[in-house]
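Visitor: Under this note's numbering, the first residue of the sequence shown is numbered 60, with each subsequent residue one higher.
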Amino acid sequence: MSRVAVIGAGASGALQALHLKRAGAEVALIERGPAPGRGVAYGTTRPEHLLNVPARRMSAFSDDPDHFTRWFAARAGGGPEDFAPRMLYGDYLQGLLAEAGIAAVAGEAVDVAAGAVRLADGRALEADSIVLAPGNFRPGTPRGIDPAALGAAWVEDPWAGGLDGLGARDVVLLLGTGLTAVDVALTLDATGFRGRIVALSRRGLAPRAHGPREPMVAPAEDLPASCTGLLRRVRARSAELGWRSAVHELRSVTQAIWGAASAAERRRFLRHLRPWWDVHRHKIAPAIGARIEAMQAEARLAVAAGKLVSAEAAADGASLRFRMRGGEAVETLRVARIVNCTGPETDIVRAGEPLLAALLQAGRIRQDALGVGIEVDGQCRAIGADGAASGTLSVIGPLTRGTFWESVAVPDIRAQTERVAARLTG
């Protein structure tokens, strides 16, 4: 029986452990956090934080696509088109691990060598193969921010509290306008904050909401190979059938498009188009979209495009200087809190993860060419410093975005874990 150690027990690691167990492997699931099956996304305890896709797409098993739908209906009376609370999905994964008899090993992996995973407390777990499933990292500290100087005004971890004691006259600045900012705005609203929220990013783009169910239809024609050609194509299709359908019909071919793109085109996409792709591709639940629109209509939430110039501690908060996009004038704003909503850190060198640092130093892994994760081949095998694919070390989940791009949503992660389980167990 193959012995496999899975490092990280968020959604990626939990799914990997489940599929390995199904394939007959002996699994050690290692998790440094308080509970398996949660991670950043599903560790929330806030009911207003919903899944970004309907229940029908969230099954842990591709051969049983209605598995989560049945669980959700029995647990909460939800339907296949409903958007479940994310904390419920964490319950679902935890329950599956328990049913499979997979108990997480509590501890932090700090090195992988000689067929074993070494933990911070000195323990070593033997394994024939190792799968890294670190999930998304916490946001990095933006340039121009000095957490020590800002003190309590700076909220580094948007899911760890720090938003108590706010009054109706206070202003909260969200640095970032993506999914994390939506989470924080919803929580502030749900917990009774009636002050003003300002979300600031370079382009001021916020996630769009889902519309009615769109059929998964692959494009009939050959697609352009360049970013500009694809952009023209999406715009033309948007005029014909609406932007949601135009983006959605690329869903089944996105990984193929990314895989065929040159390094120069990938960099061009990241530099110029990624923000627009993210807000149109990774949509939010309709109920969340409606709540965000209502907060904007009530002038309680503003989404702005601009750049932070400086942030200094001030009485009961911080004093900000920022420049609006397209303008030259520097404006000022007094806020009670600044919340880091810049999104997950993707640079594995800057992430400050001891395990990744050890693997980088040993040449077992290397950063991908785009600097957005760990380089892997098409089978999720880690590429070492020598350019060779590892026979024992695999990587799954968001950190494989450099190779697959679409590697964040549960359906994409599920496909990775099934392939890896089949490969490791023969």
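The beta carbon of each residue, even a glycine, is placed where N, CA and C say it ideally should be.
These numbers were taken from a predicted model, which means no experiment stands behind them.
#1: By how many angstroms is the C-alpha of W218 removed from the C-alpha of E390?
#2: Give the secondary structure of E185 by DSSP, where H, G and I count as helix, E and B as strand, and everything else as coil.
#3: How far does the beta strand (DSSP E) with R382 in it reach, from first residue to last?
#4: Return the CA-CA distance between L209 and R115, expressed in angstroms with no decimal places.
#5: Is P144 helix, strand or coil by DSSP?
#6: On a Cα-Cα basis, can you pick out the residue from Q475, R292, G160 and M275 that is closest to E308?
#7: By the 10 Å Cβ neighbour count, where 16 or more other Cβ atoms means buried, how is T250 classified, buried or exposed?
#8: Over the uninterrupted alpha helix (DSSP H) stretch that includes E352, give me the two end residues.
#9: Tell me whether I316 sits in a helix, a strand or coil according to DSSP, three-state version.
#10: Nearest to I316 by CA position, among E299, L289 and R326, is which residue?
#11: Starting from D170 and walking both ways along the beta strand (DSSP E), at which residues does that stretch end?
#12: Measure the beta-carbon distance from G488 to A143 and round it to whole angstroms, keeping in mind my assumption that it falls under 8 Å.
#13: Is it buried or exposed for E352, if we count other Cβ within 10 angstroms and need 16 for buried?
#14: According to DSSP, simplified to helix, strand and coil, what is T250?
#15: Output yes or no for whether 7 Å exceeds the beta carbon distance between V86 and A76.
#16: Near L78, what residues of its chain come up, given a Cβ to Cβ distance below 6 Å and the 5 sequence neighbours on each side ignored?
#17: Between V63 and A84, how many whole angstroms is the CB-CB distance? I'm expecting something under 8 Å.
#18: Are the beta-carbon atoms belonging to G237 and G402 less than 7 Å from one another?
#19: In whole angstroms, what is the alpha-carbon distance linking Q426 and E215?
#20: DSSP beta-bridge partners for G365?
#21: On the CB-based measure, 16 or more other CB atoms within 10 Å of its CB, does D123 come out buried or exposed?
#22: If you count every other CB in all the chains shown that lies within 10 Å of the CB of V241, and 16 or more means buried, which is it?
#23: So within the region 275 to 344, which uninterrupted alpha helix (DSSP H) runs reach at least 4 residues, ignoring any that extend past its ends?
#24: Indicate the three-state DSSP secondary structure (helix, strand or coil) for Q426 in the structure shown.
#25: Just the Cα atoms here: how many angstroms apart are L184 and H108?
#26: To the nearest angstrom, how far is it from the Cα of P413 to the Cα of D170?
#27: Closer than 6 Å by C-beta to S188: which residues in its own chain qualify, once you throw out the five before and the five after it? Chain order, please.
#28: Am I right that L247 and V257 are in contact with their C-beta atoms under 8 Å? What's the rounded C-beta distance?
#29: Considering only residues of the same chain and omitting the five flanking positions on each side of I455, which have a CB-CB separation below 7 Å?
#30: Check the C-beta distance from R292 over to L282 and give it rounded, since I have them as a contact under 8 Å.
#31: So, helix, strand or coil for I472, using DSSP?
#32: Ignoring anything shorter than 3 residues or poking outside the region 67 to 143, list the beta strand (DSSP E) runs there in chain order.
#33: Could you tell me which residues DSSP puts in a beta bridge with R177?
#34: Report the rounded CA-to-CA distance for S466 versus S61, giving the unit in angstroms.
#35: Roughly how many angstroms lie between the CA atoms of L156 and A441, to the nearest whole one?
#36: In whole angstroms, what is the alpha-carbon distance linking S118 and L152?
Guide: For this structure:
#1: For the purposes of this step, residue 390 is taken as residue 331 along the sequence shown, with counting starting at 1. For the purposes of this step, residue 218 is taken as residue 159 along the sequence shown, with counting starting at 1. Going by the C-alpha atoms only, they are around 29 Å apart.
#2: What you label residue 185 is simply residue 126 of the sequence shown in a count that begins at 1. In the structure shown, E185 sits in a strand (DSSP, three-state: E or B).
#3: Position 323 of the sequence shown, counted from the start, is the residue given in the question as residue 382. Residues G376 to M383.
#4: For this step, residue 209 is matched to residue 150 along the sequence shown. For this step, residue 115 is matched to residue 56 along the sequence shown. Whole-angstrom Cα-Cα distance: 44 Å.
#5: Numbered from its first residue, the sequence shown carries residue 144 at position 85. Strand.
#6: Here residue 308 refers to the residue found at position 249 of the sequence shown. Looking at the Cα atoms, M275 is the closest of the given residues.
#7: For the purposes of this step, residue 250 is taken as residue 191 along the sequence shown, with counting starting at 1. Under this definition T250 is an exposed residue.
#8: Residue 352 sits at position 293 when you count from the first residue of the sequence shown. From DSSP, the alpha helix (DSSP H) with E352 extends over P345 to A356.
#9: Along the sequence shown, read from residue 1 onward, the residue named residue 316 stands at position 257. Reduced to three states, the DSSP call for I316 is helix.
#10: To locate residue 316, count along the sequence shown from 1; it is residue 257. The shortest C-alpha separation from I316 is found at L289.
#11: Against the sequence shown, residue 170 aligns to sequence position 111. From DSSP, the beta strand (DSSP E) with D170 extends over A168 to A172.
#12: Residue numbering for the chain in the displayed model covers 60 to 485; residue 488 lies beyond these limits and cannot be assessed.
#13: Taking the first residue of the sequence shown as position 1, residue 352 is located at position 293. By the neighbour-count rule (16 or more Cβ atoms within 10 Å), E352 is not buried but exposed.
#14: Against the sequence shown, residue 250 aligns to sequence position 191. It is coil, neither helix nor strand.
#15: Stepping through the sequence shown from its first residue, residue 86 is reached at position 27. Stepping through the sequence shown from its first residue, residue 76 is reached at position 17. Their beta carbons are under 7 Å apart, which means V86 touches A76 by this criterion.
#16: Your numbering for residue 78 matches position 19 in the sequence shown. Note on residue identity: the sequence assigns His, not Leu, to residue 78. Closer than 6 Å at Cβ, skipping near neighbours: T476, E477 and A480.
#17: Your numbering for residue 63 matches position 4 in the sequence shown. Your numbering for residue 84 matches position 25 in the sequence shown. 5 Å between Cβ atoms; contact.
#18: Sequence index remark: in the sequence shown, residue 237 carries index 178 (1-based). Sequence index remark: in the sequence shown, residue 402 carries index 343 (1-based). It is a contact, given that the beta carbons lie within the stated cut-off.
#19: Walking along the sequence shown from the start, residue 426 turns up at place 367. Walking along the sequence shown from the start, residue 215 turns up at place 156. Near 25 Å, if we compare the C-alpha coordinates of E215 and Q426.
#20: Position 306 of the sequence shown, counted from the first residue, corresponds to residue 365. Paired residues: M383.
#21: Looking up residue 123 in the sequence shown gives position 64. Exposed is the call here.
#22: Start at 1 with the first residue of the sequence shown, and residue 241 comes out as number 182. Buried, because 16 or more other Cβ atoms sit within 10 Å of the Cβ of V241.
#23: 286 to 300, 302 to 307, 313 to 319, 322 to 327 and 333 to 340
#24: Numbered from its first residue, the sequence shown carries residue 426 at position 367. Strand, per DSSP.
#25: For this step, residue 184 is matched to residue 125 along the sequence shown. For this step, residue 108 is matched to residue 49 along the sequence shown. Their backbone Cα atoms lie some 36 Å apart in a straight line.
#26: Here the question's residue 413 lines up with position 354 in the sequence shown. Here the question's residue 170 lines up with position 111 in the sequence shown. Rounded to whole angstroms, P413 to D170 spans 8 Å at the Cα level.
#27: In the sequence shown, residue 188 corresponds to position 129, counting from 1. Excluding sequence neighbours, S188 sits near V63, T451 and L483.
#28: As a first step, residue 247 is located in the sequence shown; it is residue number 188 there, counting from the start. As a first step, residue 257 is located in the sequence shown; it is residue number 198 there, counting from the start. In fact, because the Cβ distance is near 12 Å, the residues do not count as touching under 8 Å.
#29: For the purposes of this step, residue 455 is taken as the residue at position 396 of the sequence shown. Excluding sequence neighbours, I455 sits near S71, Q75, V190, A192, C439, I472, Q475, T476 and V479.
#30: Sequence index remark: in the sequence shown, residue 292 carries index 233 (1-based). Sequence index remark: in the sequence shown, residue 282 carries index 223 (1-based). The pair is a contact, with the Cβ atoms about 7 Å apart (cut-off 8 Å).
#31: The sequence position of residue 472 within the sequence shown is 413, counting from 1. Reduced to three states, the DSSP call for I472 is helix.
#32: 85 to 90
#33: For the purposes of this step, residue 177 is taken as the residue at position 118 of the sequence shown. Paired residue(s): D170 and A183.
#34: Mapped onto the sequence shown, residue 466 falls at position 407. Mapped onto the sequence shown, residue 61 falls at position 2. Straight-line Cα distance between these residues: approximately 26 Å.
#35: Translated into positions along the sequence shown, residue 156 becomes position 97. Translated into positions along the sequence shown, residue 441 becomes position 382. Computed Cα separation, rounded: 26 Å.
#36: By 1-based counting over the sequence shown, the position of residue 118 is 59. By 1-based counting over the sequence shown, the position of residue 152 is 93. Taking the straight line from one Cα to the other gives about 10 Å.
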